[in-house]
Amino acid sequence: MLALIFRRLALGLITVWLVSAIIFLGVEALPGDACTAILERDAHGEALEKCRAAMGLNTPALPRYIAWATGILQGDFGLTASGQEHISELVGYRVRNSLLLAAGALSVGIPLSILLGTMAGLWRDRWIDILFSTGAILAMTIPEFVSATVLILIFAIWLGWVPAIVLTPADARPLEFFPEFILASTVLTLLMIAHIMRMVRSSVIDVMASDYVQMATLKGVPYWRIVFRHALPNALLPAINVIALTVAWLMGGVVVVEVVFNYPGLGRLLVDAISGRDLPVVQAITMIVAATYVGVNLVADILSLLLNPRLRSHQMRSR
Amino acid sequence: MAGPPLIDIRKLCIGFRGRAGTMLPVLHEIDLTVCRGQSLGLVGESGSGKSTLALAAMGYLKHGLQKLSGEVIHDGADIFARSASELEKIRGGRLGLIPQNSGQALTPTLRIGQQIHEALHLHCALPEGEHEARAIDLLAQVRLPDPQAILRRYPHELSGGQQQRVAIAMALAGEPDALLLDEPTTGLDVTTQAHILELLRDLAAARNMATVYVSHDLGVIARVCDRVQVLYGGETMLTGPTAEVLRDPAHPYARGLLASIPRLSDRTLPRALEGRPPPPGQRRRGCAFAARCGLATETCHAERPPMIAGAGAQNTRCFYPDRVAGMDAGGGGAVPGHGASDGPAALRLADVAVRYDRPGLLARLRRVPRNPATVEGISLHLRRGETLGMVGESGSGKSTILKTIAGLMSPAEGRIALGDGSLLNATVEQRRPDQLRRIQMVFQNPDDSLNPRQTVAEILSQPLRLYFGLRGKALQGRSVELLETVRLGAHYLDRRPGQLSGGEKQRVAVARAFAAGPEIVLCDEITSALDVSVQAAVLELLNDLKGLHGTAFIFVSHDLTIVRALSDRVAVLYQGRLCEIGPTAAVYGAPSHPYTEVLLNAVLEPDPEHTPRLLTEDAADLSPPARGCPFQRRCPVKCGRICEVDAPPWQETGDGHAIRCHIPLADLPRRIAG
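Heads up: the protein sequence lines correspond to chains Y and G, in order.
Take 168 as the starting number for the first sequence in the working numbering and just add one per residue.
Take 266 as the starting number for the second sequence in the working numbering and just add one per residue.
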């Protein structure tokens, strides 16, 4: 079992390493570099040479990659393109803010979607199922900038409960984000519920029709005990991977929502960095997002292994 | 004899709502009674409503079904009128169910202990503190070794026989008055089946329980039931004492069913019951069986026959019970054809071994000794036009050997050569089209092996185009020819597998194999997913095809009677090793390998006088022993250390019959009989 987890972990690390190499090569392959970006029109002749020498861009790619990668391992992403800020500091607060937003959306969204999905599955084709399922589809299909705008319209402009535009700095204390945080995480929750709910619903329907649920009924097990003890643990297994993808998507920064609410998260920083051609920041954020995806999926894999006895011993045997 | 009935079903009708909104009946005015200490067998083909009836006895209807009329009296009240909490008390308490496939009926995420504790928690009067001891006691009662260890296991970690025993233990937890058994041994090995049935008989007798067995297998019914109730199209056709029904059934359907069962004692092929049962819910006038009945008259098609007294103590739903006795019951089917036994070889296997495990890098570096191979030392040949049967319990490697010959797995050692001496490459990808064409395979379940999106024409045209380049008219003509070979007409060409019955689908699968013009056809349990009546028709078909074009067959089955009916030679396998091989008559006669004897003695026959002999415990999930005889752990006549240390020698009896055992041939029959 432990050996299996270590194997998964090793595979995850290899993936992250490959991603770092691809990101680095990708940026190398782009025409221009950090200096041409900073100097813009002056990027020629002596000024360019000087800048490159100062930023160490004249050394060959491999040593630069190694320096960059070892820096990341120590938590140091280097300097921004302008050379005035440490990326780690700049990114640090943004990561915290994005995590905060994701945590807010997930802590409501996951239990809610599991609950709704289970109810829809148990009362399949009844009004409750039709209501929840169409509601979830509707929520998913409305683009986030529309739902966000509508929420701002209602809560900020009509009701005046929250300010319409917030200019909280990235390094503010978490509580200061509260008003826009609520609205932003509501929008995200609406977006994510449909995926998980539909997965849970179909899985609950399958499991409730299975031989072992019929057997439990004929063993005289009360209905709700069957649902919680026999059906749900099995029904949630296939949902774990969908949940993991949603979690990774949220933690990777959600650009549109952050922009609409002017929320200082990772996604907005990425947009700003791209428009400002700040390649080192783009590289750093991409690395963080990639590592998050790998990490979350790793956790999901391990979780499925832990929760599914069949998978566990099958994997052990085939090893 | 046994007081008032425990379960009394009166005029029960169950149906579902069809597309047009009308109610379509699945069960039709069924009466059923069973008392303490009695056992009743419900028999019928799939779709006859026998499982629906058994579940209805517990007040349970599958999704979409409704009770239309009638009642199920249990304990003085209609079970369908009871409240949910009363039903929870009765189910698993006074009425226990043993499901068909315990592997799927046990919750996969809960340990065996948790599931048995749940049953005890719900239905056992003992204080919670004594439940642990009770659970262990129950597992010991169903003769599971090491109950404490079993309690900690998950369902998938047990073998099929063990899962079935756990389900029985769980049903016993509620101290039931009556047990309902829904095909309790279908899908289990012959030996395991015989053991489980003996166990159930003993338990029912010791606890004076009523038992209702649902089965399509008259052999099972013969072994365990006092009375039989035959269902057809949702109606009771015949009831009576088991011995009478099996000896001289008073209904034409029961006769046909009986005649379609292959028997060890019968040298001819079973006779197929023509036609197919009506789909559940079909509206009809007259007798449900009229369309397939040899005795049917105009009256039969117009009026529903009443239940009347037939021969002996039987009641039959037939207008002419006295004419039924004139029909012949079983026997007299087609004589099995035999292929040439000295023709040129079609296939040779030399010392083939197959492994499933691949040692990891670490294990290789540390030189960890490898597990014994799954299949080892298989040397055999197949002549042109010959049928070689392969028998053995699950895990005996018979399917693995077929897959290796077909190139779906690659052998770890050994060689496989075609008749002309050309070696076969290991896997399908490496084989030449010509080699692929010469070996074709028919799989167990046609639902999985036929593409549901393709029509029969498309299914058949693939090999015809690929191997013979047929197009247009020629393609069409050849497809029709193939369908006629498997006794299906040209009108089947446009149908899709979903529109065919199980037997028809399997015929299409056989036709597809023959489309390639193969030299060797590999049949992997091709009748085990079919009803007995349909199985007989497929057996007849294969028997006819045997003579055709000198094609050789390898026929794998766990059913010894079928293998006997079809094969020229038989190979007996245990845990991937050959035990015995030779002409069919020699293998099924004496002397034979102790394992062959174990298998033969466990076979159930639809004959009330026949008693299976249990020579040894049923199989446990073990890998083969590293050395010595593969059968050493279960052998009833093991002679001592020599069996554990030395691989037994092949002993020839002549005529190509060889037995792999340390015991001298002359001693074998005496040792086993004693």
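Glycine is no exception: its CB is placed at the ideal position from the N, C-alpha and C atoms.
Item                                                                                                                      : Value
Three-state secondary structure (DSSP) of Met266 of chain G                                                               : Confidence at Met266 of chain G is low in this model, with a pLDDT of 49, below 50, so its placement is unreliable and no value can be given for it.
Straight-line Cα distance separating Val463 of chain Y from Gln482 of chain Y                                             : In this predicted model, Gln482 of chain Y has a pLDDT of only 43, less than 50, meaning its place in the structure is not dependable; the value taken from the coordinates is given anyway. Approximately 20 Å between the Cα atoms of the pair.
Buried versus exposed, by CB contacts within 10 Å (16 or more), Ser304 of chain G                                         : buried
Beta-carbon proximity check, Ser744 of chain G vs Ser766 of chain G, cutoff 8 Å                                           : no
Cutoff 8 Å: Asn710 of chain G Cβ touching any chain Y Cβ                                                                  : no
C-beta contact flag for Leu538 of chain G and Leu445 of chain G at 8 Å                                                    : no
Partners in chain G for Pro389 of chain Y, counting only beta-carbon separations shorter than 7 Å                         : Glu353
Top-ranked residue by Cα proximity to Ile924 of chain G, from G:Gly893, G:Gly939, G:Leu865, G:Tyr860                      : G:Tyr860
Short Cβ contact (8 Å threshold) for Gly280 of chain G with Leu289 of chain G                                             : yes
Residues bridged to Trp915 of chain G (per DSSP)                                                                          : G:Arg925
Cβ neighbour criterion (16 or more within 10 Å) applied to Leu305 of chain Y                                              : exposed
Met483 of chain Y (DSSP reduced to helix, strand or coil)                                                                 : Low local confidence applies: a pLDDT of 42 at Met483 of chain Y is under 50, so the model's placement there is unreliable, and no value is given.
Contacts of Leu176 of chain Y in chain G (Cβ-Cβ under 8 Å)                                                                : Near Leu176 of chain Y there are no residues of chain G at all, since even the closest Cβ is about 16 Å away, more than 8 Å.
Coarse secondary structure for Phe191 of chain Y, derived from DSSP in three states                                       : helix
Proximal residues of chain G, C-beta to C-beta of Ala376 of chain Y below 8 Å                                             : His328
Leu838 of chain G - partner residues in DSSP beta bridges                                                                 : G:Leu843
Contact residues within the segment 392–418 of chain Y, judged by C-beta distance below 9 Å to chain G                    : Arg392, Arg396, His397, Ala398, Pro400, Asn401, Leu404
Residue closest to Gly268 of chain G, alpha-carbon to alpha-carbon, out of G:Cys300, G:Arg275, G:Val291, G:Ala285         : G:Cys300
Nearest to Pro449 of chain G (by Cα), restricted to the options G:Pro441, G:Ala443, G:Asp442, G:Ile433                    : G:Ile433
Residue-chain proximity (Ala383 of chain Y, chain G), Cβ-Cβ < 8 Å                                                         : yes
Status (buried if at least 16 other CB within 10 Å, exposed otherwise) for Phe348 of chain Y                              : buried
His234 of chain G, DSSP secondary structure in three states                                                               : Shown here, chain G extends from 266 to 939; a query on residue 234 of chain G therefore has no answer.
Asp789 of chain G classed as buried or exposed, judged by whether at least 16 other C-beta atoms fall within 10 angstroms : buried
Residue closest to Glu500 of chain G, alpha-carbon to alpha-carbon, out of G:Ala470, G:Gly734, G:Ser316, G:Asp796         : G:Ser316
Residues near Leu406 of chain Y in its chain [Cβ-Cβ closer than 8 Å; skip 5 each side]                                    : A small correction: the amino acid at residue 406 of chain Y is Ala; Leu does not occupy that position in the sequence shown. Once the five neighbours on either side are set aside, the close Cβ partners of Ala406 of chain Y are Ile281, Gly284, Ile363, Met366, Val367, Ser370.
Neighbour flag for Glu909 of chain G against chain Y, beta carbons, 8 Å                                                   : no
CB of Gly314 of chain G within 8 Å of CB of Val291 of chain G, strictly                                                   : yes
Reduced DSSP secondary structure (H/G/I, E/B, other) of Lys707 of chain G                                                 : Going by the sequence as given, residue 707 of chain G is Val instead of Lys. Note: Val707 of chain G maps to strand in three-state DSSP.
Three-way DSSP call (helix, strand, coil) for Pro901 of chain G in this model                                             : coil
Between the CA atoms of Gly754 of chain G and Gly577 of chain G - distance to the nearest angstrom                        : 43 Å
Pair within 8 Å by beta-carbon distance, Val414 of chain Y and Val354 of chain Y                                          : no
Pick from G:Arg760, G:Gln695, G:Ala321 that is closest to Lys276 of chain G, judged by C-alpha positions                  : G:Ala321
Test item: CB-CB of Met655 of chain G and Val821 of chain G under 8 Å                                                     : yes
C-beta neighbour in chain G for Tyr232 of chain Y, strict 8 Å                                                             : no
Gln494 of chain G - DSSP class collapsed to helix/strand/coil                                                             : strand
Contact between the segment 377–387 of chain Y and the segment 430–442 of chain Y (3+ Cβ pairs under 8 Å)                 : no
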